[in-house]
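J.: This structure is in structure tokens; I'll ask about it shortly.
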Amino acid sequence: MYLFIDVGGVSGEGFFLIRLHLCQACGLPALLGMLLAGIALRSIPGVKIIGDSLNPSWKMALVVILLRAGLGLDPKALKAMSLTVFRLAFVPSLVESTTVAIVAHFLLGFPWLWSFMLGYCLRVLQLVVPCLLQLSQQGYGVDKGIPTLVIAAATLDDVLAISGFGLMLGMTFSEGSLTWQLLHGPIEVLMGLSYGAVMGFICWILPNEHHQSRSFQQFTILISAGFFALFGSQKVRLGSVS
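Numbering (the UniProt record's numbering), first residue to last: 1 to 242.
Listed below in structure tokens is the structure:
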């Protein structure tokens, strides 16, 4: 469900799966097959990719990736390394974003706001989350809580990058109050945290622990809440809440 292609009767899903299996058969990462398929289909003349159909798909895939990352965390290890998680998430992110912004401003001549938008764009790390989850499943560093540390830091890094990009974008194109633009990002993050806490509590108490299909129903509530947060927040123009 990554690509929808209207050319020669070829199914986009089938073509994509073939590329994935070819890469896996050659011992290469499946994500490389996705990348090569996207480059090839975008570059071949006559291939029509329906952009409007792709937009919800990659957003839904992002929700699934981040939900998997959250479910893969160890609460005990996360509590023990909470300060380390924050340092690992925020310090490299701020340093790299600022460095990219400075280089883009003086070398490429970008305005400062556009330079910081570029810096935050380069900081998004959700693409590496599946690789981190795979290493965790193979047992690398589980005893020391390393997967929890890295996945939690990557998730917070994504939150910072998305919030920072949204703030710079709003300051660039908005004609409203500067104070509101500065408070807009933190307010969205707080709303997202509150929404996540409420839905987590609902998944904890519903359904009854003796229910036969409790896991399936919790999964349904969780994935529905994720999609609702994504598309609902965009509908009311609070994109960072999701």
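Note that CB positions come from ideal geometry on N, CA and C, so glycine has one too.
State the Cα-Cα distance for the pair residue 56 and residue 166, rounded to the nearest angstrom.
T.: Here residue 56 corresponds to residue number 56 of the sequence shown, with the count starting at 1. Here residue 166 corresponds to residue number 166 of the sequence shown, with the count starting at 1. Distance between the alpha carbons of residue 56 and residue 166 is about 19 Å.
J.: Does the distance from the CB of residue 34 to the CB of residue 113 come in under 8 Å?
T.: Position 34 of the sequence shown, counted from the start, is the residue given in the question as residue 34. Position 113 of the sequence shown, counted from the start, is the residue given in the question as residue 113. Taking 8 Å as the Cβ cut-off, residue 34 and residue 113 do not qualify as a contacting pair.
J.: Helix, strand or coil: which one does DSSP assign to residue 200?
T.: The residue given as residue 200 occupies position 200 in the sequence shown. Helix.
J.: Reducing DSSP to helix, strand and coil, say where residue 117 ends up.
T.: Taking the sequence shown and counting its residues from 1, one reaches residue 117 at position 117. Here residue 117 sits in helix by DSSP.
J.: Does the distance from the C-beta atom of residue 97 to that of residue 164 stay below 8 Å?
T.: Taking the first residue of the sequence shown as 1, we reach residue 97 at position 97. Taking the first residue of the sequence shown as 1, we reach residue 164 at position 164. Against a cut-off of 8 Å, the Cβ pair of residue 164 and residue 97 comes out as a contact.
J.: Note down the Cα distance separating residue 217 from residue 109, rounded to an integer number of angstroms.
T.: Position 217 of the sequence shown, counting from 1, holds the residue named residue 217. Position 109 of the sequence shown, counting from 1, holds the residue named residue 109. Rounded to the nearest angstrom, the two C-alpha atoms are 53 Å apart.
J.: So, are the CB atoms of residue 196 and residue 63 less than 8 Å apart?
T.: Start at 1 with the first residue of the sequence shown, and residue 196 comes out as number 196. Start at 1 with the first residue of the sequence shown, and residue 63 comes out as number 63. Cβ atoms of residue 196 and residue 63: not closer than 8 Å.
J.: Report the rounded CA-to-CA distance for residue 85 versus residue 105, giving the unit in angstroms.
T.: Counted from its first residue, the sequence shown places residue 85 at position 85. Counted from its first residue, the sequence shown places residue 105 at position 105. So the alpha carbons of these two residues sit roughly 30 Å apart.
J.: How many whole angstroms separate the CB atoms of residue 149 and residue 81, which I take to be in contact at a CB cut-off of 8 Å?
T.: Working through the sequence shown from its first residue, we reach residue 149 at position 149. Working through the sequence shown from its first residue, we reach residue 81 at position 81. Confirmed, about 5 Å.
J.: To the nearest angstrom, how far is it from the Cα of residue 322 to the Cα of residue 215?
T.: In the structure displayed, the chain extends from 1 to 242; residue 322 sits before or after that span and is not available.
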